[in-house]
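Student: First residue of the sequence shown? That's 1303 in the working numbering, and the numbers climb one at a time after it.
The beta-carbon is built from N, C-alpha and C at its ideal position, and this holds for glycine as well.
Note that this is a predicted model, so its numbers are computed, not measured.
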Amino acid sequence: MNSDQADFDADGDGDECDIDDDNDGTKDKSDVCPNDANGHDDPDDDGLCGTSDNCEDVANEDQADADADGIGDVCDDDADNDEIKDDADNCPEISNADQADLDADTVGDVCDDDKDDDTILNDVDNCEIVSNEDQTDSDGDGEGDVCDGDTDGDLIANEDDNCPTVANADQTDEDGDLVGDVCDNCFDVENTDQADLDADTLGDVCDSDADGDGETNDTDCDDLDASSHNGALEVFDFADNDCEGTVDQGISLDNAVFSITGEASGNYFGYRAVVLSDVNGDGIDDVLASAYKNSEGGTSAGKVYLIYGAGNLSGDLSAENANVTFVGEAANDYLGLAIASAGDVNGDGLGDFMIAAKGNDAGGSNAGKVYLIYGRDFSTDDATVDGVFDLTQANFIIKGQAANNYFGHALASAGDVNADGYGDIMISSKDYNSAQGRIYLFQGGSLSGTVSASSATATFTGEGIGETAGYALSTAGDFNADGYDDLVISAYYNGDMTYTGKIYVLYGSATLSGNTSLSDATLTYEAEEYRDYAGNSVSGGQDINGDGIDDIIVGAAAYGATDDGRVYVLYGSSTTLTGTEFLHDANVIFYGENSGDNAGISVQLLKDMNGDDLGEILIGAHRNDQTATNAGKVYLIMGSASLTSVTLNDTTTSATLLGVAAGDYAGYGLSDAGDVNGDDILDFFIGAYGTTNGTVYGILSY
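Next comes the structure, spelled out in structure tokens:
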């Protein structure tokens, strides 16, 4: 029966009785495609044959063809026919030749269900082309404020509305400041900027306490700084907090934002404190402090504490909670009597540091030992240390040459004396050869293992017996502007008059090696008087007068018959200085404030603290009595092209910081500056080993 008389091939035989419906010569029972004369097979096995299949070689039973071009989507390289190939099309199934992608998420707007990427889907977003996750709609008109031309719905366009977020069709503006009264935080006093420092909704110009510090403007010494008012604590922030007319003067260390307290009395915690260039790779500088008489590893074995910098440093931290500790190997090692930043010795971008145990016996009784520890051990990417560090596993260990050398009396980064890109280090044995003294220079790169001090790249030996060459060490930075960092070394007991002291500057070079007698030093500075002991402290590596050349400072804490102390500032020069100079001819001299202060017991050139690209000067006077007997005092002098010689006091310096109680000896230990709380402002630390358990105060800048 074929009532419809269907005859596909029009050969006169109805399909129902035609054995070859498509008349292609292949009988239907053998024809894969009996109704397609030109398609004898189905290569993609999708049930569609030859010319009937819009994609013969790729199965697509649904025959989807979005752009109706006769080519199935699965084999069409431009499925939406917008002339953008599918592999480069940010919306391959919907034509969008302009490839608009508002939120840059690689999904074209025409097929992106959240085109402004505010996590609100387009069909419920009250402003689908401008991100507004909060969907604020002040006038409730269904259109989000961020794209509503009349946000408050008062029929006045935002650009013409004097109060676009609060409806005010009458546009009343009593004070004529172009801010409508209904949203003016001081409607009867002109204040176009609407400044409101204390965020109390009352504009500063009509607020009787603009900074919200509890003191009215008429008595407040700074109406716009809440930290400054009568009775406020004076803190280090370049402001007059207590309204006494001085800035950063007489600050009690008790007001320090952050402090670290030692574990027990008698440990001498705070004798030394150092800021380290970021050792653990978190982008924040770190702190190292020591207690050289701690007895955890044996009587006076010593202990050193590493505290990682962090954004939340505040309050008082017990040293026992330090991130990492280092314990002396044996009794009377005095670990931590000297500690120092080493710069980046191995070139891995992390700060390294040194710890000395000058009483260690590995190289002979009291020969001394120094440990160089690489920051990579503490890196957040490859940390191998947390808790107690085994000093026998230090990256580089150096033993003193002989008994009673006390190798490690002083440590310092030498900068980069040979300009090879690696930090170098120097270490002294002031007691070498009956206190003649010797200094050892090790050049950075691949220092590892355990060696004798005799393997140093270069050594510098004191001029004579008993002169204690190497009593203090520091990099001089590039003191002669030749591209090589230089060294400064003191001989505390040297001088033409007994115990005057002498300072040596040795210039860096690519070939610095071998042993050199300090008598051959290119430049020396001799002290002024008998018993000055000049060079008990030295520091360099910063430009403090703005000539682009690094400078040096030298402490002579015992200067004068009554030990008031002095500090000498020596400017570097692009004309290499040579010969013998005298400290009384120093470029600038700072005189101790009082008899017995010992000003200059410690000195430190700081990195720029106030943004003028000049280094700063920090001076400790640990026996100053301003607070109480031997409480101590620290002076900060900002670098300047016009520094002049003055007596140190609260009016001649940029800031002064005071010990808290009698016998604190604040200022004996001073650190360099670094950013230990991640606020991009430099901080520094002051040691006061005489407090009950010893304290290191963090002066965190504002």
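Mind checking V1426: buried by the 16 CB within 10 Å criterion, or exposed?
Tutor: By 1-based counting over the sequence shown, the position of residue 1426 is 124. By the neighbour-count criterion, in which 16 or more other beta carbons inside 10 Å mark a residue as buried, V1426 falls on the exposed side.
Student: From which residue to which residue does the beta strand (DSSP E) around N1735 run?
Tutor: By 1-based counting over the sequence shown, the position of residue 1735 is 433. Here N1735 belongs to no beta strand (DSSP E); instead the alpha helix (DSSP H) covers Y1734 to A1737.
Student: Taking the C-alpha atoms as reference points, what is the distance between A1685 and F1691?
Tutor: Looking up residue 1685 in the sequence shown gives position 383. Looking up residue 1691 in the sequence shown gives position 389. Note on A1685: pLDDT 49, under 50, position unreliable in the model; the coordinate value appears next. Taking the straight line from one Cα to the other gives about 12 Å.
Student: Output the boundary residues of the beta strand (DSSP E) element that contains C1828.
Tutor: Numbered from its first residue, the sequence shown carries residue 1828 at position 526. The amino acid at residue 1828 is misidentified as Cys; the sequence shows Glu. Following the DSSP letters along the chain, one finds E1828 inside the beta strand (DSSP E) bounded by residues L1825 to E1828.
Student: Report, in whole angstroms, the separation of the C-beta atoms of Y1594 and Y1636, which I expect to be a contact under 8 Å.
Tutor: Residue mapping note: residue 1594 aligns to position 292 of the sequence shown, counting from 1. Residue mapping note: residue 1636 aligns to position 334 of the sequence shown, counting from 1. That belief holds up - the Cβ atoms of Y1594 and Y1636 are roughly 5 Å apart, short of 8 Å.
Student: What does the alpha-carbon distance come out to for the pair V1647 and T1953?
Tutor: For the purposes of this step, residue 1647 is taken as the residue at position 345 of the sequence shown. For the purposes of this step, residue 1953 is taken as the residue at position 651 of the sequence shown. When rounded, the distance between both Cα atoms is 41 Å.
Student: Between the Cα of T1421 and those of D1411, V1412, E1435 and D1475, spot the shortest distance and give me the residue it belongs to.
Tutor: As a first step, residue 1421 must be located in the sequence shown, where it is residue number 119. Of the listed residues, the one whose Cα sits closest to T1421 is E1435.
Student: Give the C-beta separation of D1439 and N1428 to the nearest angstrom, bearing in mind that I take them to be a contact with Cβ-Cβ under 8 Å.
Tutor: Residue numbering aside, residue 1439 sits at position 137 when the sequence shown is read from its first letter. Residue numbering aside, residue 1428 sits at position 126 when the sequence shown is read from its first letter. Yes, D1439 and N1428 are in contact; Cβ-Cβ is about 6 Å, under 8 Å.
Student: By the DSSP assignment, the beta strand (DSSP E) with I1562 in it spans what residues?
Tutor: Position 260 of the sequence shown, counted from the start, is the residue given in the question as residue 1562. Element bounds for I1562: F1560 to T1563.
Student: Using only the alpha-carbon positions, how far apart do D1320 and D1388 sit?
Tutor: Within the sequence shown, numbered from 1, the residue matching residue 1320 stands at position 18. Within the sequence shown, numbered from 1, the residue matching residue 1388 stands at position 86. Near 45 Å, if we compare the C-alpha coordinates of D1388 and D1320.
Student: How long is the line joining the alpha carbons of K1804 and L1535, rounded to whole angstroms?
Tutor: Numbered from its first residue, the sequence shown carries residue 1804 at position 502. Numbered from its first residue, the sequence shown carries residue 1535 at position 233. If you take the alpha carbons of K1804 and L1535, they lie about 42 Å apart.
Student: Does DSSP put R1678 in a helix, in a strand, or in coil?
Tutor: For the purposes of this step, residue 1678 is taken as residue 376 along the sequence shown, with counting starting at 1. DSSP places R1678 in helix when its eight states are reduced to three.
Student: Could you tell me the boundaries of the beta strand (DSSP E) in which E1831 lies?
Tutor: Locating residue 1831 in the sequence shown gives position 529, where the first residue counts as 1. No beta strand (DSSP E) contains E1831, which DSSP labels as neither H nor E.
Student: Within a Cβ cutoff of 7 Å, which residues of the same chain sit near A1471, ignoring the five residues on either side of it in sequence?
Tutor: The residue given as residue 1471 occupies position 169 in the sequence shown. If we look at A1471 and ignore the five residues flanking it on each side, its Cβ neighbours are D1456, L1457 and I1458.
Student: Shortest alpha-carbon distance to Y1937 belongs to which of D1527, S1944, F1781 and V1948?
Tutor: Against the sequence shown, residue 1937 aligns to sequence position 635. Distances from the alpha-carbon of Y1937 to those of D1527, S1944, F1781 and V1948 put V1948 closest.
Student: Please classify A1968 as buried or exposed, where buried requires at least 16 other C-beta atoms within 10 Å of its C-beta.
Tutor: Start at 1 with the first residue of the sequence shown, and residue 1968 comes out as number 666. When all chains shown are included, A1968 counts as buried.
Student: Tell me where the beta strand (DSSP E) around Y1806 begins and ends.
Tutor: The residue you call residue 1806 lines up with position 504 of the sequence shown. Taken as a continuous stretch (DSSP letters only), the beta strand (DSSP E) holding Y1806 covers K1804 to L1808.
Student: Return yes when the Cβ of R1740 is within less than 9 Å of the Cβ of G1723, no when it is not.
Tutor: By 1-based counting over the sequence shown, the position of residue 1723 is 421. By 1-based counting over the sequence shown, the position of residue 1740 is 438. Going by C-beta atoms, G1723 is not nearer than 9 Å to R1740.
Student: Buried or exposed for L1960, please, with buried defined as at least 16 other CB atoms from any protein chain shown within 10 angstroms of its CB.
Tutor: Residue 1960 sits at position 658 when you count from the first residue of the sequence shown. Per the 10 Å Cβ criterion, buried.
Student: Can you tell me where the beta strand (DSSP E) with T1882 in it begins and where it stops?
Tutor: Indexing the sequence shown from 1 puts residue 1882 at position 580. Looking at the DSSP string, the run of the beta strand (DSSP E) that includes T1882 is G1881 to F1884.
Student: Count the other CB atoms within 10 Å of the CB of N1634; is the residue buried (16 or more) or exposed (fewer)?
Tutor: Position 332 of the sequence shown, counting from 1, holds the residue named residue 1634. Burial call: buried.
Student: Indicate the three-state DSSP secondary structure (helix, strand or coil) for E1918 in the structure shown.
Tutor: Along the sequence shown, read from residue 1 onward, the residue named residue 1918 stands at position 616. It is a strand residue.
Student: Using the three-state DSSP reduction, which class does D1477 fall into: helix, strand or coil?
Tutor: For the purposes of this step, residue 1477 is identified with residue 175 of the sequence shown, where counting begins at 1. In the structure shown, D1477 falls within a coil segment according to DSSP collapsed to helix, strand and coil.
Student: Suppose contacts are defined by Cβ-Cβ distances below 9 Å. Is V1978 in contact with L1615 by that definition?
Tutor: As a position in the sequence shown, residue 1978 is number 676, starting the count at 1. As a position in the sequence shown, residue 1615 is number 313, starting the count at 1. Contact flag set, yes.
Student: Could you tell me if Y1832 is buried or exposed, where buried requires 16 or more neighbouring beta carbons within 10 angstroms of its beta carbon?
Tutor: Against the sequence shown, residue 1832 aligns to sequence position 530. Counting Cβ neighbours within 10 Å, Y1832 comes out exposed, since fewer than 16 surround it.
Student: Which ranges does the beta strand (DSSP E) cover as unbroken runs of at least 3 residues, wholly within the region 1922-1955, from first to last along the chain?
Tutor: The region 1922-1955 contains these whole beta strand (DSSP E) runs: 1935-1939.
Student: Using DSSP's beta-bridge definition, name the partner residues of G1689.
Tutor: Translated into the one-based positions of the sequence shown, residue 1689 becomes position 387. Partner(s): V1626.
Student: What residue range is occupied by the uninterrupted beta strand (DSSP E) comprising M1911?
Tutor: Within the sequence shown, the letter at position 609 stands for residue 1911. Segment: none, M1911 is in no beta strand (DSSP E) and carries neither H nor E.
Student: What residues in its chain sit with their C-beta under 7 Å from that of G1552, if we drop five residues either side in the sequence?
Tutor: Numbered from 1 along the sequence shown, position 250 holds the residue referred to as residue 1552. Excluding sequence neighbours, G1552 sits near E1536, D1952, T1958 and L1960.
Student: Figure out for me which residue from N1569, N1557 and G1666 has the closest Cα to the Cα of D1618.
Tutor: In the sequence shown, residue 1618 corresponds to position 316, counting from 1. Nearest neighbour of D1618 by Cα position, chosen from N1569, N1557 and G1666, turns out to be N1557.
Student: Is it the case that the Cβ atoms of A1591 and I1641 are separated by a distance below 9 Å?
Tutor: Taking the sequence shown and counting its residues from 1, one reaches residue 1591 at position 289. Taking the sequence shown and counting its residues from 1, one reaches residue 1641 at position 339. It is a contact, given that the beta carbons lie within the stated cut-off.
Student: Contact check, I1903 vs G1857 under 8 Å by CB: the rounded distance?
Tutor: Here residue 1903 refers to the residue found at position 601 of the sequence shown. Here residue 1857 refers to the residue found at position 555 of the sequence shown. Correct: roughly 6 Å between the Cβ atoms.
Student: In this structure, does DSSP put N1424 in helix, strand or coil?
Tutor: Counting from 1 along the sequence shown, the entry for residue 1424 is found at position 122. It is helical.
Student: From the DSSP output, in three-state form, read off V1549 for me.
Tutor: Along the sequence shown, read from residue 1 onward, the residue named residue 1549 stands at position 247. V1549 falls in the coil class under three-state DSSP.
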